[in-house]
Amino acid sequence: AGFAVRLEIIGLKEEEITNAINTVLNNSSYKEKIQRLST
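Numbered by the working numbering, the letters in the sequence shown go through residues 1115 to 1153 in order.
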């Protein structure tokens, strides 16, 4: 995982947006990678 979740705009469903947000907020690997990037 990088530090973002890629979503396809065409045909995007509310559930996909919700899942992507929850993944980034609840998966500590995203936080760790963005902290390393910001130093």
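Every residue, glycine too, gets a C-beta built ideally from N, C-alpha and C.
Taking Leu-1121 and Ile-1131 to be in contact with their CB atoms under 8 angstroms, please state how far apart those CB atoms are, rounded to whole angstroms. For the purposes of this step, residue 1121 is taken as residue 7 along the sequence shown, with counting starting at 1. For the purposes of this step, residue 1131 is taken as residue 17 along the sequence shown, with counting starting at 1. Right, the Cβ-Cβ distance comes to about 7 angstroms (below 8 angstroms), so this counts as a contact.
Go to Ser-1142, then tell me how far its alpha helix (DSSP H) extends in each direction, as first and last residue. If you number the sequence shown from 1, residue 1142 lands on position 28. Residues 1142-1151.
What is the DSSP secondary structure of Ala-1134, reduced to helix, strand or coil? Counted from its first residue, the sequence shown places residue 1134 at position 20. Three-state DSSP puts Ala-1134 in a helix.
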